[in-house]
Each structure stands twice: as C-alpha cells, then as structure tokens.
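Trainee: Take a look at the following structure, please.
Number of protein chains: 2
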Amino acid sequence: METMRIAIVAPPWFAVPPTGYGGIEWVVSYLADGLARRGHDVTLFAAGGSRTEARLVTTFPDPPSKLLGNAAVEARHVLAAYDRWREFDIIHDHTFLGPIVGAAVPVPVVHTVHGPVTPDNRGLIADLGRRLHLVAISHHQRSTLPDGVHATVIHNGIDPAAFPFSDRPGEYLLFCGRINPEKGPVQAIEIARRAGLPLLMVVKINEPIEHEYWEAEVRPRLRGLDVEVKQQPPTEEKLRAYRDALATLFPIQWPEPFGLVMIESMATGTPVIAFRNGSVPEVVQDGVTGIICEDIDAAAEAAWRAKELDRRECRRRVERHFSAALNVLRHEQLYRAILAEGGRREAAAQLPLALDAADGRTDGAGRA
Amino acid sequence: METMRIAIVAPPWFAVPPTGYGGIEWVVSYLADGLARRGHDVTLFAAGGSRTEARLVTTFPDPPSKLLGNAAVEARHVLAAYDRWREFDIIHDHTFLGPIVGAAVPVPVVHTVHGPVTPDNRGLIADLGRRLHLVAISHHQRSTLPDGVHATVIHNGIDPAAFPFSDRPGEYLLFCGRINPEKGPVQAIEIARRAGLPLLMVVKINEPIEHEYWEAEVRPRLRGLDVEVKQQPPTEEKLRAYRDALATLFPIQWPEPFGLVMIESMATGTPVIAFRNGSVPEVVQDGVTGIICEDIDAAAEAAWRAKELDRRECRRRVERHFSAALNVLRHEQLYRAILAEGGRREAAAQLPLALDAADGRTDGAGRA
Chain W
1 METMRIAIVA
11 PPWFAVPPTG
21 YGGIEWVVSY
31 LADGLARRGH
41 DVTLFAAGGS
51 RTEARLVTTF
61 PDPPSKLLGN
71 AAVEARHVLA
81 AYDRWREFDI
91 IHDHTFLGPI
101 VGAAVPVPVV
111 HTVHGPVTPD
121 NRGLIADLGR
131 RLHLVAISHH
141 QRSTLPDGVH
151 ATVIHNGIDP
161 AAFPFSDRPG
171 EYLLFCGRIN
181 PEKGPVQAIE
191 IARRAGLPLL
201 MVVKINEPIE
211 HEYWEAEVRP
221 RLRGLDVEVK
231 QQPPTEEKLR
241 AYRDALATLF
251 PIQWPEPFGL
261 VMIESMATGT
271 PVIAFRNGSV
281 PEVVQDGVTG
291 IICEDIDAAA
301 EAAWRAKELD
311 RRECRRRVER
321 HFSAALNVLR
331 HEQLYRAILA
341 EGGRREAAAQ
351 LPLALDAADG
361 RTDGAGRA
Chain Z
1 METMRIAIVA
11 PPWFAVPPTG
21 YGGIEWVVSY
31 LADGLARRGH
41 DVTLFAAGGS
51 RTEARLVTTF
61 PDPPSKLLGN
71 AAVEARHVLA
81 AYDRWREFDI
91 IHDHTFLGPI
101 VGAAVPVPVV
111 HTVHGPVTPD
121 NRGLIADLGR
131 RLHLVAISHH
141 QRSTLPDGVH
151 ATVIHNGIDP
161 AAFPFSDRPG
171 EYLLFCGRIN
181 PEKGPVQAIE
191 IARRAGLPLL
201 MVVKINEPIE
211 HEYWEAEVRP
221 RLRGLDVEVK
231 QQPPTEEKLR
241 AYRDALATLF
251 PIQWPEPFGL
261 VMIESMATGT
271 PVIAFRNGSV
281 PEVVQDGVTG
291 IICEDIDAAA
301 EAAWRAKELD
311 RRECRRRVER
321 HFSAALNVLR
331 HEQLYRAILA
341 EGGRREAAAQ
351 LPLALDAADG
361 RTDGAGRA
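Protein chains in written order, with my numbering: chain W, 1 to 368; chain Z, 1 to 368.
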C-alpha cells in the first residue's frame, strides 16, 4: 500500500476530539486517527488542545469557541493550512471557508458538507462542486445538493469498541441532544408521557437560545412527569445512559444531514424510535434496529414494542455500516480514486472557469 | 504609457456607484472609471445594476443587500472574480473574503482595508499583509495595523467637479450621516443648541438599530430646537445642503478610518467642525479648512468662527489632496511599482509560508 500525504483541516472552534459538544470534531478525530493508523502521513490542522495520532498543527492555542462562525478567525485558520499545500498529496477540508481557498490551489481538495444545504449556501456549494470533490454524509443530504453537483456519500462513523453494550432492554426512554426545536425535545416528552414510560434527558443547554427554549418550552412540560435531566454528563455516564435505555427517541423536526445520536445509541444495543426525516431511513433499519414513525402517537406505541427488537442487531448495524473503520476505508478509497484520475476535478485546475452563466445567478460581461 | 489589465473587485452588496448609502462603492466607482479613462483595460466585478466606464461583470443580478455580510454570498462573488485571474496583470480587491482567495493565486493582489482594525480581524490582516499589498485609507488607519504589516496610504477621493461650490458662508450647521452613536448625532444637536444656531440633519435611518437609536436617543433631543431633518434626500438636494451650510459638524465618536463627509463638505466650500479622532487631523487642516475640537463647548464656539474661514481653501484642499483623480494616479503608481518589482510580495508567491510561529497566535507542529 502506498502512503499518501494527507492534510485534514478541522474547523477551528473546538478541540479534536471535542471535550464537550462537537459532532464534526468527533468525525474528524476518527478519520485522522484511522488514516494515521493505516500508515498514512497525516497532518491535522485543528485548534489547540487537540489530541490525535496524526501530526498536529494548531492555529489557535485556545479554541476560539466564543467567536464561533467569525469569518476572520476561520480565514486565518484555513490560510495556515493552505500555506502548506505543497506538502500534501490531498487536502480534506471540513471547514466552511477553506474550500474557497482550496478552489485556488493546485493540490486536490476534498470537502465534506457537514451542514444542511440552505438557500444561503446552495449557490456556493454548486460553485464548489464544480471545482472540488464533495463528500455528502448521507444519501438524503446528497439528494438536496444543487442539480448537477457530484458528491460521494460517506456516512459518518464511530468506534463501536468505545461503546458499552447490553443485550437487556432497559426500562426508560432516552432523549439525547441540544435543546433546540429542531431536535424535538418537546416531542420526546410528549412521546414518553403518552407511552407512560420514564424519560431520561441528556442535554446540552448553554447557548442563550438553548436556555430560552428550555425555560419557555421544555421545562414547563416536565411537571408531574417521570423525567430525569442530565446536562452534559461525563462521557462514561452518557454511554451508560444509552446502554441502559429501552429505546432512544429521535423525534427529529428537520432533515438532519446525519444524526450521530442514532448510531451511538445502536452501538450500545439500544434501538431508536425516530421520526421519518432527513437521513433517518438510511440509518435506522425500520422494524429491526428501531421503528420509524410518522407522529407522536405512533412513537408512543412503538416505544412499547422496542423491547421486542434484537439489541444485537442494533450493535451489528453500526459495526457493519457506521463504523469509523469503514468511514476511514471509504475515504482512503476516495482519495486513491482522485489521485488515480489525475487529482483535480476537470473544472478545478487553478480556477479556470467563470461561474456558469446558465445557472441564473450570474450574467456575462458587457460594457455598461 | 503601458496599459495594464486591472481587475477591481467591489463588495457584492450594493450597486457601484451606490444609489443610496455606500461609501466603499463610491470610492470603487471613481477608481474604476478613472483607471478606464486613463486607458487601462479595467474589469469591475460588482453587483447587478452597477454602471461603470470599465468592463462590468456582475455576479448577482440584484444586489443581495439584505444578506449583507453573509459569507456564502461574498464567497460566490469573489470566486467568480478569481476564476478569471489569468486575464489580469493585477487584481485590486475591496471585499473582506476575497483576499484569502487572492493569497492563493499567482497574480499580484492589492487589498484596500476599508474598515477599522478590530481585535476580531487584526490577526487576519496581519496574515494578509504578509501575502498581499495592502492599502490603508489614512495614516491613522495605517498606524492601527499590526506591527510589521506594510501598507501604502492612499486617501479616498471624490470628484470636486461634481460638487457645487459657494464662497458665501451659510447660516445653519449641517450634520450628515448614519444615525449611529459612532457618528455623534446627539453631540451635533448639543453643539447646535449651545451655539444657538439652526441645524440641518441629512440622515440615513433604515436599519433597525438606526431606528432604535433615533427614537430612543436622538428624536427626544430635538424638542424646542431649530432642527430640520431630511432622510436620504436626492443627491442634488444633499449637495445643496452641504454648499449652503455655515459649517458641517463631524463630532465623530470613534477613530473612523476615513470620513467622506469631511471632503464632501469641503468640496462645496463648507468648513468642518470636527472632533479629534481617527483620520480627522490629516483630512481637516485645523484653523484653515475647519476647526478641530476636543469637546462640545469648543465645537459650539468654533461654529461661530467658521464664517471667518476661507471657503476657497476648503475647496482647494479637496482638489489638491482628496480628489478622485489623485486617488487614481496613486493607485496607478502603486500597481506599476508592484509589477516592476516582480508582482507578488516576497512572502506571497502561491502561499509558500506557514503562519509565523513568532506572532503568538500559532504554534509549531508536533506529535500529540
């Protein structure tokens, strides 16, 4: 096997792996470590405090989490990475702004679209898709990309060995996630209430908007119910919360591109009661590793049937389809394919193309 | 004279020249037109609806003003420009994100820093200063750049011929600007009150924050005073407002990098009563084309002395030091110097440098 010189550009906001919340940072961590373990020469550009088996280059000694989304901060971070493009065979960029620099350097660049495709970023993703190699994190997310944009689907993965397993169904329902309308905490409470089952909520409440939603919409609904709340407990405790549940509720209210909660739960053996949205149908095997529902009543009824599901199948599904090892192999395969076909996308070699006039967002040159 | 192929990248948010508010867009407009008139092959990348004597390339048919600051929108705009880098000898970028792409293309790139240097963008400007040619719009702004960052000072300019002139002092004071604490509208009202002179306010009040400030802090202070307010009047009317004033008040509350209001006023012959801040002392010649004050009382007293100042000197100062023609010549000179010395800054040729470990924001590579 030939060694590749791979740069991985993480977002600058949190350490890799994250100490608290940070889905992208977990995915990047598994990828960088996995590629390094497979013998590649991997350089990870990430915030200070990161720990990795790759070579680490940190751009900010302290993760600038409080400036999350600040373009000047992110620009500094990605410039530090692209500065060194000559040292790499391929650059895999997980940031938002990095790819616009990546569009201008001669080394092949892969960009994983971690977030949703929105009216605001749709045009930019279309442009980047002509110049870079895009990775979508689910088939559903790929289906939302602009017409004609190519992307390789590589599902997120986790390391099942890091998750404790139990084949005995527990006796409570679990909700795990940010306190945000999109994640459906209110719906989770209502499902537990109608099912008459206890609910454990493992939640992140620290942004002002999360506090507001918690106080206004979530907390008032807990009165009189059998609900326990844990705010960002230590990892060990969170993993036990997954393992000892009857089922994890995933009443997702938006087309989430991928939901790590689903595979984390299944890795411990706990099936997922989920709403049909986004990547849910391709992650949860309906009737086998969970139950996909259309509404709250169906979910409440499904909660009672969760104990009939085979918890070993849940674990097995993660091992077979959503492991970090598989994620690493798929990326390695993608990188090799890109290098074999000469590196840059046809349209990408040093920005040779103007934006396509036919897409309706640009028009041609003309003297005014 | 040898013709240069020059790309000018305007921000995408407003048409060039702007139909309403838009200082950067005016400066860019004068520059593009002036360079084109001097025989250069100039391409202006700007929003739809722009009018220029350069070749116009529009990226968004309608200026995306409502998305002002959206990074995905700005990224699309600058990618469209850098796509065509091979067509130019030099690229002059007036956007925020463009320079990070500019850092990666082999053509020389000039970036004008139009805004203030803040803790948020300071590090990025330091990085860009190592790779690109920076233009500061005042000596004061240059003095705020990070240590060791080189920048050429080129003051903004206007076309004096477009401004009506009168050598007869008027009888009212003028305030012209956005309704924002930084611009000092409250201080202007207080100066007029203490001077016992009428005040004309030519104002922009359309952002929510401007409305709030107007209602909470400015409007209540107008009661009982001789103040007339005009909201974004037609250009002709605004120019007459300048010309017919006794003095323009510029009680600026922050170190503004440049203040177009000062040179617009002086172009019509009207001197400026200004607070000492930012670029004020290098734009207004104290005691000649205006009076620089330390506080409201001094400004109220100065207002009465304004009629002793020679209005022809005001006009002359703009013609000699702050004309668009001079601005264009200085840019032409800068471009030629850059091309003569081989184009890229030493540190800039295709991103060869990592961020300097010595600047305290980055640290070196090391195995974790």
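Glycine residues also receive a C-beta, built at the ideal position from the N, C-alpha and C atoms.
(1) Would you mind reading off the limits of the beta strand (DSSP E) that contains lysine 238 of chain Z?
(2) Hey, is leucine 383 of chain W's beta-carbon within less than 8 Å of any beta-carbon in chain Z?
(3) Cβ atoms of leucine 134 of chain Z and histidine 150 of chain Z: under 8 Å apart, would you say?
(4) For leucine 31 of chain W, tell me which candidate among W/Val272, W/Val280 and W/Ile91 has the shortest Cα-Cα distance.
(5) Can you check whether the C-beta of isoleucine 90 of chain W is within less than 8 Å of a C-beta belonging to chain Z?
(6) Is the Cβ of alanine 75 of chain Z closer than 8 Å to any Cβ of chain W?
(7) Going residue by residue through the segment 151-228 of chain Z, where are the continuous alpha helix (DSSP H) segments of at least 4 residues, counting only ones entirely within it?
(8) Which class does arginine 320 of chain W belong to by DSSP, given the choice of helix, strand or coil?
(9) With DSSP run on the structure shown, which of helix, strand or coil describes arginine 276 of chain W?
(10) Could you tell me whether the Cβ of glutamate 346 of chain Z comes closer than 8 Å to any Cβ of chain W?
(11) Would you tell me roughly how many angstroms separate the C-alpha atoms of glutamine 231 of chain W and glutamate 182 of chain Z, rounded to the nearest one?
(12) Ordered along the chain, which non-local residues of its own chain (more than five positions away) have a Cβ less than 6 Å from that of alanine 188 of chain Z?
(13) In chain order, what residues of the same chain lie with their CB nearer than 7 Å to the CB of glycine 170 of chain W, ignoring the 5 residues before and after it?
(14) In this structure, does DSSP put valine 101 of chain W in helix, strand or coil?
(15) Anyone know if the C-beta pair for aspartate 429 of chain Z and leucine 79 of chain W falls short of 8 Å?
(16) Measure the alpha-carbon distance for alanine 347 of chain W versus proline 220 of chain W and round it to whole angstroms.
(17) Exposed or buried, what is asparagine 156 of chain W when buried is set at 16 or more other beta-carbons lying within 10 Å of its beta-carbon?
(18) Please report how far the alpha carbon of serine 265 of chain Z lies from the alpha carbon of tyrosine 242 of chain Z, in whole angstroms.
(19) From what residue to what residue does the beta strand (DSSP E) around isoleucine 90 of chain W run?
(20) Quick test of the definition: if touching needs 3 or more C-beta pairs under 8 Å, does the segment 46-57 of chain W touch the segment 10-19 of chain W?
(21) Report back the beta-carbon spacing between glutamate 332 of chain W and leucine 132 of chain W to the nearest angstrom; my notes put them in contact at under 8 Å.
(22) In the structure shown, what three-state DSSP assignment does glutamate 346 of chain W receive?
(23) Does isoleucine 125 of chain W come out as helix, strand or coil in the three-state DSSP assignment?
(24) For glycine 290 of chain W, which of W/Gly196, W/Arg315 and W/Gly148 has the nearest alpha-carbon?
(25) Under 8 Å between the Cβ atoms of leucine 371 of chain W and valine 117 of chain W?
(26) Closer than 8 Å between beta carbons: that is the criterion. Which residues of the segment 90-105 of chain Z meet it against chain W?
(27) Taking all protein chains shown into account, decide if threonine 112 of chain W is buried (16 or more other Cβ within 10 angstroms of its Cβ) or exposed.
(28) Could you list which residues in chain W have their beta carbon closer than 7 Å to that of aspartate 127 of chain Z, in chain order?
(29) Going by DSSP, what residue range makes up the alpha helix (DSSP H) through histidine 40 of chain W?
(30) Under a Cβ-count criterion, where at least 16 other Cβ atoms within 10 Å of its own Cβ denotes burial, should glutamate 2 of chain W be classed as buried or exposed?
(31) Taking Cβ-Cβ distances shorter than 8 Å, what residues in chain Z pair up with aspartate 120 of chain W?
(32) When the Cβ atoms of the segment 288-302 of chain Z are set against those of the segment 192-203 of chain Z, are three or more pairs found closer than 8 Å?
(33) Using a Cβ-Cβ cutoff of 9 Å, what residues of the segment 10-34 of chain W are near chain Z? List them in chain order.
(34) Cβ closer than 9 Å: which chain Z residues qualify as neighbours of glycine 290 of chain W?
(35) Taking the continuous beta strand (DSSP E) assigned at isoleucine 5 of chain Z, which residues delimit it?
(36) Pull the bridge partners of isoleucine 296 of chain Z from the DSSP assignment, please.
Mentor: Here's the rundown:
(1) Unbroken run through lysine 238 of chain Z is the alpha helix (DSSP H), 235-243; no beta strand (DSSP E).
(2) Absent from the structure is residue 383 of chain W, since the part of chain W shown begins at 1 and ends at 368.
(3) For histidine 150 of chain Z and leucine 134 of chain Z, yes; Cβs fall inside 8 Å.
(4) Closest option to leucine 31 of chain W, Cα to Cα, is W/Ile91.
(5) With 8 Å as the cut-off, isoleucine 90 of chain W does not count as an interface residue toward chain Z.
(6) Interface residue, yes.
(7) If we require 4 residues or more, the alpha helix (DSSP H) runs fully inside the segment 151-228 of chain Z come out as 185-195 and 208-213.
(8) DSSP, read as helix, strand or coil, puts arginine 320 of chain W in helix.
(9) Of the three classes helix, strand and coil, the one that applies to arginine 276 of chain W here is coil, per DSSP.
(10) Confidence at glutamate 346 of chain Z is low in this model, with a pLDDT of 45, below 50, so the placement of that residue should be treated as unreliable; the coordinate-derived value is given next. Answer no: the Cβ-Cβ gap between glutamate 346 of chain Z and chain W never drops below 8 Å.
(11) Separation of glutamine 231 of chain W and glutamate 182 of chain Z (C-alpha to C-alpha, rounded to the nearest whole angstrom) is 41 Å.
(12) The beta carbon of alanine 188 of chain Z lies closer than 6 Å to those of Phe175, Leu249 and Pro251 in the same chain, with the five residues before and after it left out.
(13) Asp244, Ala245 and Leu246.
(14) In the structure shown, the three-state DSSP call for valine 101 of chain W is helix.
(15) Nothing can be reported for residue 429 of chain Z, as the shown portion of chain Z is limited to 1 through 368.
(16) With a pLDDT of 38 at alanine 347 of chain W, under the threshold of 50, the predicted position of this residue should be treated as unreliable, and no value is reported.
(17) When all chains shown are included, asparagine 156 of chain W counts as buried.
(18) If you take the alpha carbons of serine 265 of chain Z and tyrosine 242 of chain Z, they lie about 5 Å apart.
(19) That run of the beta strand (DSSP E) goes 90-93.
(20) Contact between the segment 46-57 of chain W and the segment 10-19 of chain W is present: 3 or more CB-CB pairs across the two stretches fall below 8 Å.
(21) Rounded, the Cβ-Cβ distance is 18 Å, inconsistent with contact.
(22) The predicted position of glutamate 346 of chain W is uncertain, since its pLDDT is 45 and thus under 50; no value can be drawn from it.
(23) In the three-state reduction of the DSSP assignment, isoleucine 125 of chain W falls in the helix class, which pools H, G and I.
(24) For glycine 290 of chain W, the closest alpha carbon among the candidates W/Gly196, W/Arg315 and W/Gly148 is that of W/Arg315.
(25) Examination of residue 371 of chain W is not possible in this model, given that chain W is present from 1 through 368 alone.
(26) For the segment 90-105 of chain Z, the residues whose beta carbon sits under 8 Å from a beta carbon of chain W are, in order, Phe96, Leu97, Ile100, Val101, Ala103, Ala104 and Val105.
(27) Burial is judged here by how many other beta carbons sit within 10 angstroms of a residue's own beta carbon; threonine 112 of chain W has at least 16 and is buried.
(28) Within 7 Å Cβ-Cβ: Arg76 and Leu79.
(29) Segment: none, histidine 40 of chain W is in no alpha helix (DSSP H) and carries neither H nor E.
(30) Glutamate 2 of chain W should be labelled exposed.
(31) Within chain Z, the residues near aspartate 120 of chain W are Leu67, Asn70, Ala72 and Val73.
(32) Counting C-beta pairs closer than 8 Å gives three or more between the segment 288-302 of chain Z and the segment 192-203 of chain Z, which meets the contact rule.
(33) Interface annotation for the segment 10-34 of chain W against chain Z: empty, criterion Cβ-Cβ distance under 9 Å.
(34) Neighbours of glycine 290 of chain W on chain Z: none; closest Cβ ~34 Å, over 9 Å.
(35) Before going further, note that residue 5 of chain Z is arginine rather than isoleucine in the sequence given. Taken as a continuous stretch (DSSP letters only), the beta strand (DSSP E) holding arginine 5 of chain Z covers 5-9.
(36) Bridge partners of isoleucine 296 of chain Z: none, in fact.
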